[in-house]
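Residue numbering for the sequence shown follows our numbering, starting at 994 and increasing by one per position.
Ideal Cβ placement from N, Cα and C applies to all residues, glycine included.
These figures come from a predicted structure and were not determined experimentally.
Notes follow once the structure below has been shown.
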Amino acid sequence: MFEEGQYFAPVVKKDDGSVSVELSEGHPGLHDPTYRERRDRIATAAAQWTPGEPPPVIDYTDAEHEVWRVVCADLHEKHRTYACREYLDGKEAFGLPDDHVPQLADLSAALAPLTGFAYQPAAGLVPLREFYGALADRGFWATQYVRHHSVPLYTPEPDVLHEVVGHGNTLADRRFTDLYEAAGAAARRVESDEALQFVSKVFWFTLEFGVVHEPDGLKAYGAGILSSPGEIEEFRHMTIRPLDLVEMGTTEYDITHYQEVLFAASSFAQVQDVVGGFWDTCTDDSIAAMRSAA
994 MFEEGQYFAP VVKKDDGSVS VELSEGHPGL HDPTYRERRD RIATAAAQWT
1044 PGEPPPVIDY TDAEHEVWRV VCADLHEKHR TYACREYLDG KEAFGLPDDH
1094 VPQLADLSAA LAPLTGFAYQ PAAGLVPLRE FYGALADRGF WATQYVRHHS
1144 VPLYTPEPDV LHEVVGHGNT LADRRFTDLY EAAGAAARRV ESDEALQFVS
1194 KVFWFTLEFG VVHEPDGLKA YGAGILSSPG EIEEFRHMTI RPLDLVEMGT
1244 TEYDITHYQE VLFAASSFAQ VQDVVGGFWD TCTDDSIAAM RSAA
């Protein structure tokens, strides 16, 4: 079984304006010079992007399109079985292609009449305040590279499949994007690093790895689960706790393994009320009080 961690390979800027992606030991593409050069070129295009301009167009290869096809085919029935109703509604409205990797500009155009969200190209890890702050303006930072072709059902870091199949289908539904925007506004409102980390952890355990009870069983709404062919089959067997803001905001997690503890809402309406309400009103003081109660 592959364990799909969600972390970014460090990106190093060079004097000539290009960037180099530093893959870790154990990364499927570490010893593939063609893949590494490809990653560097895609990251460089993102690093040189100017806000307000369209995202760079990536000339995806046949091998990269094949990875997209394999993953989408694997996830199709799993989504029908394990995804929550709201995610499936967004997926139907968005209408992602299943035979080729779409361009971020085309995805933004499709999202415009649905929720007004737009993709922004990221070379790698985006600082917390910058990543969440963009959400308040209906912007979503996304990588554009495709995972290594040798293991298409596994990635050790968020790739375009995670950003688009996982998050994109939620960005097409107003019930989700209300939450994204609220998280972005909260990140801009709080000032301390501790409060920002609390906001980020709540995001992690909801919009990344959230689950919800539906009449026919436990379903996923978090993008990290819904973009992982392995984790989507395992999440029901993890430790499931009730939705709890204090626990979510103070629980440590390991980003390199399947999440062992998940927080389940009684309904998606509870996510909207409890999590959305928290992001709408939280301040440094209110979060400090919650942390002290942990």
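Would you identify the three-state DSSP class for residue i, choosing helix, strand or coil?
i, result
"Gln1113", "strand"
"Glu1123", "helix"
"Asn1013", "Strictly speaking, residue 1013 in this sequence is Ser, with Asn absent from that position. Three-state result, Ser1013: strand."
"Gln999", "Because Gln999 sits at a pLDDT of 36, beneath the cut-off of 50, its placement in the model cannot be relied upon, and the following sentence gives the value as read from the coordinates. In the structure shown, Gln999 sits in coil (DSSP, three-state: anything other than H, G, I, E or B)."
"Val1153", "helix"
"Val1139", "coil"
"Ala1076", "strand"
"Phe1087", "helix"
"Val1005", "strand"
"Glu1187", "helix"
"Val1192", "helix"
"Phe1018", "Reading off the sequence, residue 1018 comes out as Glu, not Phe. Here Glu1018 sits in coil by DSSP."
"Phe1288", "Nothing in the structure corresponds to residue 1288, since the chain is present only between 994 and 1287."
"His1024", "coil"
Going by beta carbon distance, what residues of the same chain come within less than 7 angstroms of residue i, once the five residues before and after it are set aside?
i, result
"Glu1253", "Met1231, Thr1232"
"Tyr935", "Any property of residue 935 remains undetermined from this structure, which presents the chain solely from 994 to 1287."
"Gln1137", "Ile1035, Ala1039, Ile1051, Leu1097, Pro1114, Val1153"
"Tyr1112", "Pro1048, Leu1097, Leu1100, Ser1101, Phe1133, Ala1135"
Report buried or exposed for residue i, applying the criterion of at least 16 other Cβ atoms within 10 angstroms of its Cβ.
i, result
"Thr1199", "buried"
"Asp1166", "buried"
"Ser1101", "buried"
"Val1050", "exposed"
"Leu1043", "The amino acid occupying residue 1043 in the given sequence is Thr; Leu does not appear at that position. It is exposed - the Cβ of Thr1043 has fewer than 16 other Cβ atoms within 10 Å."
"His1024", "exposed"
"Thr1163", "buried"
Taking 8 angstroms as the limit between beta carbons, can you name the residues of its chain near residue i, skipping five residues before and five after?
i, result
"Thr1244", "Lys1194, Phe1198, Val1254"
"Leu1016", "Ala1002, Gly1022, Leu1023, Arg1029, Arg1032"
"Glu1123", "Trp1134"
Spatial neighbours of residue i within its chain, please: C-beta separation below 6 angstroms, excluding the five flanking residues on both sides.
i, result
"Ala1188", "Asp1277, Ile1280"
"Lys1006", "Val1012"
"Ala1040", "Val1012, Ala1116"
"Gly1203", "Tyr1214, Gly1215"
"Gly1242", "Phe1191, Lys1194, Val1195"
"Arg1131", "Gly1109, Phe1110"
"Asp1082", "Asp1166"
"Cys1275", "Ala1179"
Assuming residue i and residue j make a contact with CB atoms under 8 angstroms, what is their CB distance in whole Å?
i, j, result
"Arg1062", "Asp1092", "6 angstroms"
"Glu1156", "Ala1135", "4 angstroms"
"Leu1118", "Gly1177", "That belief does not hold up - the Cβ atoms of Leu1118 and Gly1177 are roughly 17 angstroms apart, past 8 angstroms."
Original post:
Mind pulling the beta strand (DSSP E) runs of 3 or more residues that sit fully within the segment 1033-1069?
Top reply: none
Subject >> Segments of 3+ residues assigned as beta strand (DSSP E) that fall wholly inside the segment 1226-1273 >> reply: 1232-1235, 1254-1258
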